[in-house]
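Comments concern the structure below.
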């Protein structure tokens, strides 16, 4: 018994299970264009790692993923998908890096964390002797928000097509790229004084 209309932008129907392929494809493309052989990254639940593994396979760039240990153990399907696409997946913390060994020495029974996995992925890239490996990140950074603006552009195009002016836009906020991408075109309208839409970030 409410007059509210709720529209939901769903990004989970692709193999990676999320919006993250929008940025993974761009980053793998530029890695290839720069002449890199491989990229390293971290993943928590596995969506970013899966997206990057898919993109790396498409563009012919190797992918080394440090996956938070508890997720590595609890989500074997995600790990398997990454491996099917040719990525190397390591539970983090690991013995492969000085950071991983240090964390394990201090906390031998740790389940890992995104911070641990990031530390290992960055170290793996910066200590690669070939100079042909770089670390890439799936959220937070400016260029990732730019890649994810496709989410907001698709949303705005659909709403405009049906003459719908939203009163409130709600987006999830972890690292921020999904939220930033979703609200980008609506923020532009607010700044131009063309809209008073309320933007809500939900952790």
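In my numbering, the protein residues as written are 737 to 939. The beta-carbon is built from N, C-alpha and C at its ideal position, and this holds for glycine as well.
Problem set entry | C-alpha gap between residue 782 and residue 915, whole angstroms | Reading the chain shown from its first residue, position 46 is the one you call residue 782. Reading the chain shown from its first residue, position 179 is the one you call residue 915. In a straight line, the C-alpha of residue 782 is about 19 angstroms away from that of residue 915.
Exercise. Which same chain residues, not among the five before or five after residue 780, have their C-beta less than 7 angstroms away from its C-beta?
Worked result: By 1-based counting over the chain shown, the position of residue 780 is 44. Within the same chain, residue 780 has close Cβ partners 804, 807 and 850.
Problem set entry | Residues that DSSP places opposite residue 793 in a beta bridge | Indexing the chain shown from 1 puts residue 793 at position 57. Under the DSSP definition of a beta bridge, residue 793 lacks any partner.
For this session: Inspect the CB distances between the segment 887 to 894 and the segment 846 to 866 and report whether three or more fall short of 8 angstroms.
Result: Contact between the segment 887 to 894 and the segment 846 to 866 is absent, because fewer than three Cβ pairs lie under 8 angstroms.
For this session: Please work out which residues of its chain come closer than 8 angstroms, Cβ to Cβ, to residue 772, disregarding the five sequence neighbours upstream and downstream, and give them in chain order.
Result: Here residue 772 refers to the residue found at position 36 when the chain shown is read from its first residue. Cβ within range, chain order: 797, 868, 869 and 870.
Problem set entry | Closest residue to residue 902 among 876, 931, 778 and 752 (Cα-Cα distance) | Sequence index remark: in the chain shown, residue 902 carries index 166 (1-based). Of 876, 931, 778 and 752, the residue nearest in Cα terms is 931.
Exercise. Are the CB atoms of residue 937 and residue 909 nearer to each other than 7 angstroms?
Worked result: Along the chain shown, read from residue 1 onward, the residue named residue 937 stands at position 201. Along the chain shown, read from residue 1 onward, the residue named residue 909 stands at position 173. Closer than 7 angstroms, so yes.
Exercise. Residue 827: buried (16+ other C-beta within 10 angstroms of its C-beta) or exposed?
Worked result: Residue 827 sits at position 91 when you count from the first residue of the chain shown. Buried.
Exercise. Touch check for the segment 826 to 845 and the segment 744 to 758: three-plus C-beta pairs under 8 angstroms?
Worked result: The segment 826 to 845 is not in contact with the segment 744 to 758.
For this session: Tell me whether residue 831 is buried or exposed, calling it buried when 16 or more other Cβ atoms sit within 10 Å of its Cβ.
Result: Mapped onto the chain shown, residue 831 falls at position 95. When all chains shown are included, residue 831 counts as exposed.
For this session: Can you check DSSP and say which residues form a bridge with residue 824?
Result: Counted from its first residue, the chain shown places residue 824 at position 88. For residue 824, which the question treats as bridged, DSSP gives the partners 800.
Problem set entry | DSSP three-state assignment for residue 880, whether helix, strand or coil | Here residue 880 corresponds to residue number 144 of the chain shown, with the count starting at 1. Residue 880 falls in the helix class under three-state DSSP.
Exercise. Smallest Cα separation from residue 821: which of 788, 874, 834 and 764?
Worked result: Within the chain shown, residue 821 is the residue found at index 85, counting from 1. When each option's Cα is compared against that of residue 821, the closest is 788.
Exercise. Secondary structure at residue 906, three-state DSSP: helix, strand or coil?
Worked result: The residue you call residue 906 lines up with position 170 of the chain shown. Three-state DSSP puts residue 906 in a strand.
For this session: Could you name each continuous beta strand (DSSP E) segment of 3 residues or more that falls completely within the segment 829 to 907, going from the start of the chain to the end?
Result: Within the segment 829 to 907, the beta strand (DSSP E) runs of at least 3 residues that lie entirely inside it are, in chain order, 869 to 871.
For this session: Would you mind working out which of 786, 740 and 760 sits nearest residue 880, comparing C-alpha positions?
Result: Position 144 of the chain shown, counted from the start, is the residue given in the question as residue 880. When each option's Cα is compared against that of residue 880, the closest is 760.
For this session: For residue 934, write down the residues that DSSP places opposite it in a beta bridge.
Result: Counting from 1 along the chain shown, the entry for residue 934 is found at position 198. Answer by DSSP bridge pairing, in chain order: 904.
For this session: Identify the continuous beta strand (DSSP E) that holds residue 774 and give its terminal residues.
Result: Position 38 of the chain shown holds residue 774. Here the beta strand (DSSP E) through residue 774 covers 774 to 779.
Exercise. For residue 823 versus residue 799, is the C-beta distance shorter than 7 angstroms?
Worked result: In the chain shown, residue 823 corresponds to position 87, counting from 1. In the chain shown, residue 799 corresponds to position 63, counting from 1. Contact: yes.
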